[in-house]
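Under this note's numbering, the residues of the sequence shown are numbered 1338 to 1596, in order.
A virtual CB, placed ideally from N, CA and C, is assigned to each residue, including glycine.
Everything below concerns the one structure shown next.
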Amino acid sequence: MSAARRVVAIGMGMGPQHLTPEAVRALRSVDLVLAFEKGSHDPLLEVRRAVCADHDVRLVVVPDAERDRRESLDGPAYADAVADWHERRVAAWAHALAEHPGDVGLLVWGDPGLYDSTLRLLDALGGRFELAVEVVPGVSSLQLLAARHRLVLHDVTQPLHVTTARRLPEALAQGQRNVVVLLNRRVDLAGLGVEDWTMWWAANLGAGGEQAVAGRVRDVLAEVHTARERAEAADGWVMDLYLLRAPDLGGVGADEDAR
Ligand SMILES: C[S@@+](CC[C@H](N)C(=O)[O-])C[C@H]1O[C@@H](n2cnc3c(N)ncnc32)[C@H](O)[C@@H]1O
C-alpha cells in the first residue's frame, strides 16, 4: 500500500511579513505549493507567488472553479452554490495532486481555522487519496484588527460573537452585543438599530492600502465607506471586517489586567 500523501495547510497571515518561523519551516519542507488562481487578475495569488519565490518553493497554479456569487441567492440556494463550488474545487485539486507528486503545501490566507474552506476540501479529498494533513496556524484578520486598534476583542466577562455580514441581522436579533463581522460586500448597517454602537473597522490589513476607522456608527459610517474605496483604489481589491459593540459595553477595550 502506498504511503499517505503529506499535505500541509500553512497559515500565511496577510502577507510575507506575517509568516511565522514555523510556517517558513513547513514551506521549506514541501516539494511544491498548490494555489488556486481566481480569474485573470488574482492579487492574492501574487502574494503567494512572492512568498514561494522568497523561500525557493515551486508554485503550481490551479485555475479555480467558477462560483455563483449572485447576491440574490438565499440561505439554501447559497449553501448549494457553495457546495457545488467546493465539489468542483476538490476535483481540480485531485487532478493537480495526481499530476504533481511529492509533499504539498497550501498557503492559506490568514489562519486555516477561521472562515476558510481548505481543511474541509482536504477532508473531501481524503475520500480519493490517503492524506496526512498537517496545519500550521497563521495570523488572522481578527488578530490584526485587534492589534491595529489596540483593542481587546471582548469586554470583561462578555462573549465575542463572530459572524458574516449575511448573518449579522440574525446575530443582533439573537441579542448579540459584541460582534465581529467578516465577509462584507459592503458595510451596510441601515435598519439594524446600531447607530449608537461603536465600530472598529479595518480593510486590507497588512497591504499597502490598509485602512482603519473607529468611532460611533452614526459618526463614522461615511468615513468607513470612503476609506473602503481608498483601500480598493490602492490595492485593486478590498477585504474588510469590523467589531460592533453595544453602547453599555464601553467604547474601548476593557483592561483585562484590572482583575
Ligand atoms: C474567507 S475569509 C478568510 C479569513 C482568514 N482565514 C483569516 O484568518 O482572517 C475572508 C474575510 O476575512 C477578512 N479579511 C481577510 N483578509 C483581510 C485583510 N487583509 N484585511 C481585512 N479583512 C480581511 C474579510 O472579512 C474577508 O471577507
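Give a single yes or no on whether Met1536 has its beta carbon closer than 6 Å to a heavy atom of ligand 1.
No, the Cβ of Met1536 stays beyond 6 Å of every heavy atom of ligand 1.
By Cβ distance, which residues of its chain are closer than 7 Å to Leu1444, with the 5 residues on each side in sequence left out?
The answer, listed in chain order, is Ile1347, Met1349, Val1370, Ala1372, Arg1385, Val1388.
With distance defined between alpha-carbon atoms, name the residue in Asp1533, Gly1543, Thr1501 nearest to Ala1551.
With distances taken between CA atoms, Ala1551 lies nearest to Asp1533 out of Asp1533, Gly1543, Thr1501.
With DSSP as the reference, label Pro1496 as helix, strand or coil.
Secondary structure of Pro1496 (DSSP, three-state): coil.
Does the Cβ of Ser1409 have 16 or more other Cβ atoms within 10 Å, making it buried, or fewer, making it exposed?
Label assigned to Ser1409: exposed.
I'd like to confirm something about Ser1366: is its beta-carbon nearer than 6 Å to some heavy atom of ligand 1, or not?
No - ligand 1 has no heavy atom lying nearer than 6 Å to the Cβ of Ser1366.
Please find out if some non-hydrogen atom of ligand 1 comes closer than 6 Å to the beta-carbon of Asp1448.
Yes, ligand 1 has a heavy atom inside 6 Å of this Cβ.
With a threshold of 16 other CB atoms inside 10 Å of the CB of Gln1548, please say whether the residue is buried or exposed.
With 16 or more other Cβ atoms within 10 Å, it is buried.
Can you list, in chain order, the residues of its chain with a C-beta nearer than 6 Å to that of Arg1555? Leave out the 5 residues immediately preceding and following it.
Beyond the five residues adjoining it in sequence on each side, Arg1555 comes within less than 6 Å, by CB distance, of Glu1532 in the same chain, given in chain order.
So what does DSSP say about Trp1446, is it helix, strand or coil?
In the displayed model, Trp1446 falls within coil according to three-state DSSP, outside both helix and strand.
Spatial neighbours of Asp1526 within its chain, please: CB distance less than 7 Å, with the 5 preceding and 5 following residues excluded, ordered by chain position.
The question names Asp, but residue 1526 is Leu in the sequence shown. Non-local C-beta neighbours of Leu1526 in its own chain, meaning closer than 7 Å and more than five positions away in sequence, comprise Val1554, Leu1558, ordered along the chain.
Assign Ser1377 to one of two classes, buried (16 or more other C-beta atoms within 10 Å of its C-beta) or exposed (fewer than that).
With fewer than 16 neighbouring CB atoms inside 10 Å of its own CB, Ser1377 falls in the exposed class.
What's the gap between the Cα of Trp1538 and the Cα of Ala1341?
Going from the Cα of Trp1538 to the Cα of Ala1341 covers about 43 Å.
Let's see if you can read the secondary structure: which residues bound the beta strand (DSSP E) around Tyr1579?
From DSSP, the beta strand (DSSP E) with Tyr1579 extends over 1577-1582.
Cα-Cα separation, Leu1488 to His1432:
Answer to the nearest angstrom: the Cα atoms are 44 Å apart.
Looking at the unbroken beta strand (DSSP E) that takes in Arg1553, where does it start and where does it end?
Where Arg1553 is concerned, the enclosing beta strand (DSSP E) stretches over 1548-1553.
With a threshold of 6 Å (Cβ to nearest heavy atom), would Met1576 be considered close to ligand 1?
Distances between the C-beta of Met1576 and the heavy atoms of ligand 1 include at least one below 6 Å.
Alpha carbon to alpha carbon, what distance is there between Arg1395 and Asp1405?
Whole-angstrom Cα-Cα distance: 31 Å.
Is it the case that the CB of Tyr1415 approaches a heavy atom of ligand 3 more closely than 6 Å?
No copy of ligand 3 occurs in the structure displayed; its ligands are ligand 1 alone.
Here's a check: name, in chain order, each residue in its chain whose Cβ is nearer than 7 Å to the Cβ of Gly1439, leaving out the five neighbours to either side.
Closer than 7 Å at the Cβ level, and outside the excluded window around Gly1439, lie Asp1368, Leu1369.
With distances taken from CA atoms, which of Arg1522, Thr1494, Asn1521, Val1397 is nearest Arg1514?
The shortest C-alpha separation from Arg1514 is found at Thr1494.
Using a Cβ-Cβ cut-off of 7 Å (strictly less than) and excluding sequence neighbours within five positions of Trp1574, which residues of its own chain qualify?
Closer than 7 Å at Cβ, skipping near neighbours: Pro1380.
Excluding the 5 residues flanking Met1351 on each side, which residues of the same chain have their C-beta closer than 8 Å to its C-beta?
Only Trp1446, Gly1447, Val1476, Ser1478, Leu1481, Leu1542, Gly1543, Ala1544 meet the Cβ criterion.
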